[in-house]
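For reference, the structure is listed below as structure tokens.
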Amino acid sequence: MIVLTILGGVLAGCGSPEDARSGTAALPTASPDAATPAASGPATGSASPSRAPESGPPVLAPGPGGLTPVFERRADGSSGPGAGARGGSAASGAPGASGGEKVVALTFDADMTADQGPRAAKGEHFDNPALIASLRRLKVPSTVFMTGRWAQEYPVQARSIGTDPLFEIANHSFSHYAFSSPCYGLPTVGKPDMRSDVERAFTAIRKTGARNVVPYFRFPGGCYDDVALKALAPTGVTAVQWDVVSGDAFATDADAVAEQVLDGVKPGSLVVMHCTRSAAPVTEDAVRRIVPELRERGYRFVKVSELMRG
13 MIVLTILGGV LAGCGSPEDA RSGTAALPTA SPDAATPAAS GPATGSASPS
63 RAPESGPPVL APGPGGLTPV FERRADGSSG PGAGARGGSA ASGAPGASGG
113 EKVVALTFDA DMTADQGPRA AKGEHFDNPA LIASLRRLKV PSTVFMTGRW
163 AQEYPVQARS IGTDPLFEIA NHSFSHYAFS SPCYGLPTVG KPDMRSDVER
213 AFTAIRKTGA RNVVPYFRFP GGCYDDVALK ALAPTGVTAV QWDVVSGDAF
263 ATDADAVAEQ VLDGVKPGSL VVMHCTRSAA PVTEDAVRRI VPELRERGYR
313 FVKVSELMRG
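Residue numbers for the sequence shown follow this note's numbering, so the first one is 13 and each next one is one higher.
Have a look at this one:
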């Protein structure tokens with residue numbers, strides 16, 4: 013199933029790993045969402061990429077041919093070591109460590125494209141302070157995938173998120189342009205510029221004073237191919253996708269978003285949501301239902317770094 017949505021005047025898609033990997037799109041079949049899962053590939057890295065220390069955030073081993081590895085969810089006991097990772101080995105992915113443990117990672121994409129500054133200047137809100145406040149009040153560890161442009165527009169919020177131990181910030185590119193094409197109408201980053209786009213985003217995020225920055229990257233639209241995985245290998249990032257699509261982008265029914273997440277979550281799941289008021293106006297309301305219901309089912313919330321650690 014493919015779900016399409018309009019984001020900033022262009023299409024961003026949410027579909028199967030195969031759809032994202034090939035960069036192909038299909039007609040919408042359900043309510044909108046933004047972004048997509050995908051497939052293979054290195055490890056390690058930070059703002060100026062270098063291998064993460066043993067005590068730092070876990071990263072996956074490089075995939076075949078040294079391609080950037082892709083992590084989608086934690087392995088469960090029935091899948092064996094490495095399940096949930098494509099193109100690399102899952103960090104500490106032994107079944108004994110993860111086998112059926114009720115953990116789930118909520119992730120939030122803070123999207124803003126390079127050309128949306130004038131819209132922000134006119135009052136459009138690409139941030140969502142109330143959502144962050146609710147996550148704090150509910151004590152939910154979370155990972156925010158932030159574009160460099162978002163960090164530039166909201167440096168105080170980026171610093172606040174990135175200095176709070178409840179959160180970690182990962183990279184969502186600088187400009188939110190696609191790394192393979194076609195990708196739901198998104199403008200594309202040329203191969204020669206892919207590495208610098210990611211490094212530019214890390215620089216913009218760290219410039220705000222954010223400290224809890226992890227060497228993870230999420231492809232805009234979830235779209236990538238081996239060319240992109242090879243281009244990003246020198247940055248040392250682990251690409252992070254998901255296995256549960258929230259459907260929160262442009263949704264107007266918080267209960268429908270909550271139901272979609274609650275229906276999809278299983279032990280080890282990684283959920284994609286959004287941290288942009290204009291594009292995902294009901295996310296906070298949905299989270300306020302999702303969190304207590306999952307806790308009632310026995311789930312514990314973790315950041316991606318803990319989910320990956322196993």
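No residue lacks a Cβ here, since even glycine has one placed at the ideal position from N, Cα and C.
{"query": "Beta-carbon gap between residue 116 and residue 279 smaller than 9 Å", "result": "yes"}
{"query": "Start-to-end residues for the alpha helix (DSSP H) that takes in residue 298", "result": "295–308"}
{"query": "Nearest neighbour of residue 258, chosen from 248, 75, 246 and 286 [CA to CA]", "result": "286"}
{"query": "C-beta contact flag for residue 302 and residue 274 at 9 Å", "result": "yes"}
{"query": "One or two residues paired with residue 314 in a DSSP bridge", "result": "In the DSSP output, where bridge partners are listed per residue, residue 314 has none listed."}
{"query": "Unbroken alpha helix (DSSP H) run spanning residue 172, endpoints", "result": "167–174"}
{"query": "Rounded C-alpha distance that separates residue 270 from residue 140", "result": "18 Å"}
{"query": "Spatial neighbours of residue 220 in its chain, beta-carbon cut-off 6 Å, leaving aside the 5 residues before and after", "result": "163, 167, 170 and 171"}
{"query": "Straight-line Cα distance separating residue 232 from residue 323", "result": "Nothing can be reported for residue 323: it is not among the residues displayed for the chain, which extend from 13 to 322."}
{"query": "Where residue 82 sits in the DSSP three-state scheme", "result": "strand"}
{"query": "Paired residues, beta bridge with residue 282 - DSSP", "result": "117"}
{"query": "Residue 84, buried or exposed, once every other Cβ within 10 Å from all chains shown has been counted against 16", "result": "buried"}
{"query": "Residue 271 - DSSP class collapsed to helix/strand/coil", "result": "helix"}
{"query": "Contiguous alpha helix (DSSP H) assignments of at least 4 residues, all confined to the region 150–238", "result": "160–165, 167–174 and 203–219"}
{"query": "Through-space distance from residue 317 to residue 67, alpha-carbon basis", "result": "11 Å"}
{"query": "Simplified DSSP state of residue 250, which is helix, strand or coil", "result": "strand"}
{"query": "Alpha-carbon spacing of residue 256 relative to residue 82, whole angstroms", "result": "15 Å"}
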